[in-house]
Structures are given as structure tokens and as C-alpha cells.
Amino acid sequence: PALGISNNEIASLASSQHLCQGFGRLTQRGSQEEYVELLKGDMPKDNNLFEGINTKWDRMEGGAAIGDILYKVENEFNFADPSVHVPDLVKAYTLLQQSKDEHWKKMKSEPLKELILECAGIFLEANSKTSFITAGATVPLTIEAINRSSVPVNLKTLQINEVAESSMISNLDLAENQKNELTLELDVPADMEVSGPYWLKSEGTLGMYEVEDRNLIGKPETPDAFTLEAVLEIDGTTISFTRPVQHRFSKPDEGELIEPFVITPKVSSKFTEKVVVFPSSEPKTVQVKVKAFEDNLEGTLSLEHPEGWTVLPQQIPFDIKKTGEEINLTFTVTPSIDDSNGFLKAVAEVSGEKIDRELVEINYYHIPKQTVLLPSQAKVVRTNIQKTGEHIGYIMGAGDKIPESLEQIGFKVHTIALNSLEPGDLDKYDAVVVGIRAYNVIDALKFKQPYLLNYVEQGGNLIVQYNTAGRWRKQFDNIAPYPLTISRDRVTEEKADVEILSKDHAIVNFPNKITEKDFEDWVQERGLYFPNQWAPEFTPVLAMGDTGEGVKKGSLLVASYGKGHYIYTGLSFFRELPAGVPGAYRIFANMLSLGKTNVVSDSKIKG
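Each step along the sequence shown adds one to the number in this note's numbering, with nothing skipped, and position 124 is 182.
Here it is as C-alpha cells:
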């Protein structure tokens with residue numbers, strides 16, 4: 059009621075923010091029935107799930123007296139002038155500090171302190187002119203302190219937390235509604251650890267993070283690097299408060315924005331391509347972006363590489379003049395003769411310090427900006443991949459990186475604009491690939507589906523990747539030339555056993571011989587949303603299943619239609635190709651090559 063919306067509406071608004079999964083939906087209103095089963099305890103007499111649970115202050119030692127004060131404030135709250143309640147709130151806080159119940163004292167002290175600040179109209183902020191700083195540097199902080207009420211407030215001390223050296227301000231009376239802007243100098247220790255989520259600072263294992271400081275486990279965020287510590291005397295009582303140091307700024311088109319204040323390395327580096335596939339022994343160029351977080355930064359960049367590989371030059375010097383400036387450095391990488399894979403690691407050396415981190419910023423309007431430091435590396439894969447055909451048409455669905463991955467092994471990928479697609483436009487492609495969840499998210503497919511099937515009928519090769527069941531575009535009777543039912547079947551174990559059912563089928567023999575070895579080193583899963591019913595025209599190629607579950611045969615289905623081939627696959631190529639899984643590349647190359655023995659010329663594409 060305070061917001062004017064119901065719980066259902068709040069839930070609908072929240073669900074609609076799950077943008078990456080396309081959960082946007084209409085708002086729900088009105089009551090809904092839910093089924094709750096009693097597992098233990100006594101059945102509530104009045105159907106109140108919280109019956110018998112004491113949520114009042116008297117459940118803690120000494121809490122009754124605190125509750126008497128706070129219930130009175132709640133019942134008589136003065137919305138026009140909340141500051142009249144500050145003396146009572148301060149009294150309740152004092153009683154809380156005298157309690158021997160450490161659990162509830164800790165749980166309730168911070169909310170009560172915030173209530174005192176808000177009712178007194180006290181504003182405290184520590185603002186840095188930049189959103190980042192490097193270890194060993196000094197930065198001035200602007201402190202804003204204001205008391206917007208007649209409650210007597212004295213700023214006894216003001217400093218930055220003990221992890222950093224800073225000046226101190228003390229004994230300042232905050233007159234009513236008088237703005238105080240103060241300056242503190244912050245000296246960041248030279249050995250200060252860079253910022254980042256605590257669960258990502260050390261390399262973990264499959265399904266498990268590695269956290270050195272066990273006290274951090276369970277916290278939703280890493281504690282702020284620097285906090286403003288203010289000791290105030292409010293209505294005669296001394297209370298300490300903390301505020302994060304942050305960066306407040308404005309943009310003409312967005313207004314005021316606030317970002318966390320973080321510690322960054324002096325330099326970061328990142329590969330423009332996270333996976334580089336070498337289908338032959340020919341060398342490739344690899345580009346690394348180097349970004350400075352200090353002015354006049356000089357150093358060198360080198361690439362560590364797997365045994366049997368070579369990188370030239372061995373190191374490249376750089377000289378970057380301005381903070382935030384980024385330059386590109388290019389190396390030539392020659393793979394091993396035999397099949398192998400590993401990682402290139404970019405190592406920048408600045409003033410004797412070696413830095414091998416990539417700084418990633420996650421910045422969306424609806425969440426605070428996040429800064430993540432990850433190893434600066436790229437996976438390199440040397441694997442013998444044969445292919446036929448060259449020009450691939452790609453219909454983007456919900457978004458994936460398969461087009462870039464296919465270009466790594468020599469295909470030329472052309473994005474197809476569905477709205478302008480006309481009959482016959484697809485004939486120039488050796489194969490056409492439909493991206494993940496395309497039939498779930500692209501309305502234009504309901505008009506262009508006949509063109510796709512006609513392309514197959516005339517001799518084309520169409521590959522349709524997974525779509526989600528239960529969220530189907532109603533306009534599609536079927537996305538395939540024959541009946542095909544998509545289910546929620548999936549295989550989540552990335553190491554699940556795989557059996558090749560159709561050992562003589564061209565899709566597992568040409569131009570690459572596919573064996574069980576090609577299913578090694580898969581990541582996250584085998585696949586998802588497999589069909590569980592299909593017409594007899596389809597040939598199931600693979601069988602797989604999670605431990606303790608039945609074998610599923612719908613991960614890769616192939617059917618001849620007219621002169622061409624239709625392939626539906628729920629295999630998670632959208633994960634495997636960007637992760638550089640050799641076998642996934644070989645299988646995809648076979649799918650693209652199915653039925654093709656000649657190459658379409660460049661002149662045909664240009665025409």
C-alpha cells in the first residue's frame with residue numbers, strides 16, 4: 059500500500075527485468091492461491107504461517123524498553139517533521155548498546171543508526187573526482203556534511219578508514235541547513251590490493267569458487283575499499299557512522315550518476331579475440347589492447363605461450379601518455395605442428411612489476427557498476443579441421459558468438475537481414491544457420507519460414523539451433539519440414555557419455571571423422587531443449603544422458619528434404635565454439651559441409 063502497488067505487481071516488474079532470458083510480461087494483479095504443505099510442527103490455527111513466531115522487541119534481553127520507545131515513535135510518527143523523534147531514537151539506540159544480546163545488537167544497530175540520520179536530515183558523503191585510483195597514489199576527497207534539522211549535531215571526527223593514511227577533521231558544529239564542504243587527502247598504500255569480487259580473485263575449480271578470506275563468504279559484495287568514518291554527537295550522544303567513498307558525477311543526457319571508487323592496477327591488457335583456432339600450421343596475428351590507469355606509463359608487453367608454439371616479437375615496448383588511453387599491440391603466433399591447445403597470457407611489466415590482468419567493467423543502468431579483474435589470456439587451439447563450402451548465411455537469434463567462431467576456421471559468414479529477404483536470396487550460400495532461440499524472439503520468421511524451407515528443398519543446407527519449449531511463437535505450426543516436437547530435455551553434465559548412433563552417416567564422417575574423442579573438454583553442458591518426438595524422416599545421430607536419467611536421442615537430428623538437408627540441433631555450440639572446444643568445431647564444420655562437394659564462388663556472393 060505504501061507504494062500503491064501489490065506484491066504481484068512488484069514481482070512482475072522484477073521478472074520483466076530478467077532481460078537476457080526474455081522474461082518481459084504483463085503485470086499481474088489480484089490475489090493468487092498457493093499450495094503450502096506442512097512438513098513439521100503444528101498446523102496454524104488461523105491459517106497464519108507466522109503464528110507463534112515472536113517478531114517483537116521483547117524477544118531479546120532488554121528489548122521491551124527499546125520496543126516501548128520505537129512502537130510509540132511508529133504510532134505517533136510526524137511525517138511533516140521527523141526530527142522531533144530524534145531524541146527518542148537516540149535513547150533507544152543507547153539502550154540497544156547496553157544489551158548483552160550480541161546477535162540482535164549487531165542486527166539492529168545499523169538500521170537504527172540510519173533511521174536517526176534520516177529523521178535528523180543529516181547527509182554525509184565522501185566523493186572522489188575519479189572512479190578509480192592505483193596503489194601508492196594520492197587523491198583529494200570532497201566531504202559534504204549537512205544537518206537539515208534543528209537537532210544539535212557536532213561533527214567530532216571525520217577520517218578515512220584505517221587501511222589508508224588520511225588527514226582528519228574534528229569538532230565542527232553542523233548548523234541547521236548549512237552546507238559544509240571539506241577536503242581530505244587520501245594516500246593509498248603501495249601494497250593495497252586491487253578491487254574486485256572476492257570470489258573471483260583466486261582461480262577456482264569446476265563449480266566452486268576459491269575464497270582466501272573465509273569471513274567474506276556469504277557477503278553479497280566485496281566490502282568497499284575505502285569508507286568515510288564519521289563520529290557525530292547527536293542530541294548529546296556520540297554515534298559513529300560509515301559511508302563508502304564513491305565517485306559522483308553527471309552526464310547531460312542522464313543527470314547525476316554514482317559509481318564505486320575502486321583500486322585498479324597501473325595497466326590492464328586484453329586480447330581482442332578470446333579464442334584463436336588454428337585449423338592448420340599457418341601463423342595468425344593476435345592483437346592485445348593495453349590500457350593505462352596512470353599518466354606517462356612506460357613498460358613492455360610479452361605473451362607467455364604453450365610449449366611448441368612461438369610468438370614474435372618476444373616483447374613490445376609501450377609508452378602511454380594519458381590515464382584511460384588504450385593502444386593496440388600485435389603479435390604473430392605460430393602454432394605447434396601437432397594438435398594441441400593452451401593459453402596465451404599477456405604480461406605487462408611496469409617499473410619492475412608484472413601485471414597480467416584484464417579489467418572488465420559491467421555497467422548497466424539498473425545495477426551499480428562492477429569492476430572485475432580476470433586473467434589476461436586467450437585460448438589457442440591447434441586442431442586439424444577439414445571443411446567444404448565457404449559462404450555461410452547466418453540468421454541471428456537471441457545472440458551468440460558463433461559467426462565469429464566460424465570465421466576463425468576460414469568460413470565467410472554473412473548476416474542475413476530477414477526483413478529484406480526475398481525468394482532465392484539464400485541460394486548463394488553453402489549453408490544457412492539459424493541462431494539460438496530465433497523462433498522464440500524474431501517475429502519476421504513467421505513470414506520468411508517458407509523461404510528457408512524452399513532453400514532446403516532446392517538443395518540447400520539449413521541448420522537450426524536450439525529454441526526453448528513452452529515459449530514458442532504461436533504462428534509456427536512447425537519450424538521443420540516434417541513434424542518435430544521440442545521438449546525441455548537436456549543433458550547438463552559436460553562429460554556425459556555420448557554414443558554415435560548413426561556411424562555411417564555423412565555428418566559424422568565427412569569431411570572430419572567424428573569419434574567419442576570429439577566430445578572431450580566440453581564446457582557447462584552437452585545441450586538443451588532437445589526434441590523428444592520427430593517424424594520418421596529424421597535420423598537421430600547421437601545418444602546421451604545425465605547420470606541416473608534416461609538416454610536422450612534428440613540432440614542432433616538430420617533429415618533430407620527435396621534436394622537438400624535440414625538439421626536441428628540442441629547441442630550447445632553457442633557455448634562450445636567460443637570456448638574453443640576442438641570437437642565442437644569439427645562437428646559444426648561437418649554440419650555446414652553436409653551434401654556440399656563444391657564451393658560457391660565469390661562472384662556469386664557479390665552478385
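Glycine included, each C-beta is placed from N, C-alpha and C at the ideal position.
Predicted model, so just to flag it, every value in this text is computed and none were measured.
Closer than 8 Å: residue i CB and nearest the ligand MG heavy atom
| i | result |
| --- | --- |
| Asn112 | In terms of ligand content, the structure shown is empty, and the ligand MG therefore cannot be addressed. |
Beta-carbon spacing of residue i, residue j below 9 Å
| i | j | result |
| --- | --- | --- |
| Ser360 | Val325 | no |
| Val334 | Val391 | yes |
| Ser398 | Arg415 | no |
| Leu387 | Val438 | no |
| Phe588 | Val616 | no |
| Ser64 | Lys427 | no |
| Ser630 | Gln582 | yes |
| Pro337 | Lys459 | no |
| Ile443 | Pro640 | yes |
| Val303 | Leu244 | yes |
| Val274 | Pro281 | Before going on, a small fix: residue 274 reads as Leu here, not Val. Yes; because the gap between Cβ atoms is below 9 Å, this pair is in contact. |
| Leu232 | Leu216 | no |
| Lys191 | Val131 | The question names Lys, yet the displayed sequence has Ile at residue 191. For Ile191 and Val131, no; Cβs fall outside 9 Å. |
| Thr605 | Ser560 | no |
| Gly47 | Gly457 | No answer is possible for residue 47: the residues shown for the chain start at 59 and end at 665. |
| Ala123 | Leu153 | yes |
| Ile201 | Ile227 | yes |
| Lys328 | Ala350 | no |
Interface flag, residue i vs chain C, CB-CB below 9 Å
| i | result |
| --- | --- |
| Thr113 | Annotation note: the requested chain C is absent from the structure, which comprises a single protein chain. |
Residue range of the alpha helix (DSSP H) that includes residue i
| i | result |
| --- | --- |
| Ile68 | 65-73 |
| Pro433 | Here Pro433 belongs to no alpha helix (DSSP H); instead the beta strand (DSSP E) covers 428-433. |
| Arg633 | 631-634 |
| Asn648 | 640-651 |
| Asn498 | 496-499 |
| Tyr129 | 121-133 |
| Ser208 | Element bounds for Ser208: n/a, residue is neither H nor E. |
Inter-residue spacing [alpha-carbon to alpha-carbon] between residue i and residue j
| i | j | result |
| --- | --- | --- |
| Asn185 | Gly121 | 38 Å |
| Asp527 | Tyr497 | Inspection of the sequence shows that residue 527 is occupied by Ala rather than by Asp. Distance between the alpha carbons of Ala527 and Tyr497 is about 10 Å. |
| Trp580 | Pro364 | 20 Å |
| Asn238 | Asp293 | 19 Å |
| Leu240 | Arg301 | 15 Å |
| Asn136 | Pro278 | 34 Å |
| Val490 | Ala69 | 40 Å |
| Lys103 | Glu91 | 19 Å |
| Gly482 | Leu510 | 10 Å |
| Ala502 | Asn477 | 6 Å |
| Val167 | Val211 | Reading off the sequence shown, one finds Ser at residue 167, where the question assumed Val. Distance between the alpha carbons of Ser167 and Val211: 19 Å. |
| Pro198 | Asp271 | 30 Å |
| Leu175 | Pro318 | 22 Å |
| Glu356 | Ala475 | 46 Å |
| Gly125 | Met165 | 15 Å |
| Tyr540 | Gln86 | 38 Å |
| Glu607 | Glu557 | 15 Å |
| Gly603 | Glu578 | 15 Å |
| Ile537 | Gln507 | 7 Å |
| Leu61 | Glu67 | 11 Å |
First through last residue of the beta strand (DSSP E) which encompasses residue i
| i | result |
| --- | --- |
| Asp377 | 373-378 |
| Glu317 | 313-318 |
| Pro302 | 295-309 |
| Lys412 | 411-413 |
| Gln217 | 211-218 |
| Leu402 | 398-408 |
| Glu291 | 285-292 |
| Leu370 | 368-370 |
| Leu274 | Segment: none, Leu274 is in no beta strand (DSSP E) and carries neither H nor E. |
Residue burial classification, residue i (beta-carbon count within 10 angstroms, cutoff 16)
| i | result |
| --- | --- |
| Ser89 | exposed |
| Ile625 | buried |
| Phe81 | exposed |
| His623 | buried |
| Leu264 | exposed |
| Asn519 | buried |
| Val94 | exposed |
| Gly665 | At Gly665, the pLDDT of 30 sits below 50, so the modelled position is not reliable; the number obtained from the coordinates is stated separately. Exposed. |
| Val148 | buried |
| Gln372 | exposed |
| Val609 | exposed |
| Val657 | Residue placement at Val657 is flagged as unreliable, the pLDDT there being 41, under the threshold of 50; a coordinate-derived value is accordingly withheld. |
Open item on the list: If we require 4 or more residues per run, which alpha helix (DSSP H) segments fall completely within the region 527-603?
Closed with: none
Open item on the list: Please give the ranges of any beta strand (DSSP E) in the region 324-356, keeping only runs that are unbroken, at least 3 residues long and fully inside the region.
Closed with: Qualifying beta strand (DSSP E) stretches, in chain order: 325-329, 333-336, 342-350.
Open item on the list: Which runs of the alpha helix (DSSP H) at least 4 residues long sit entirely within the region 144-203? Give them in chain order.
Closed with: Scanning the region 144-203 from its first residue to its last, the whole alpha helix (DSSP H) runs of 4-plus residues come out as 144-155, 160-178.
- [ ] Taking only runs that begin and end inside the region 433-502, name each unbroken alpha helix (DSSP H) of 4 or more residues, in chain order.
- [x] 460-466, 496-499
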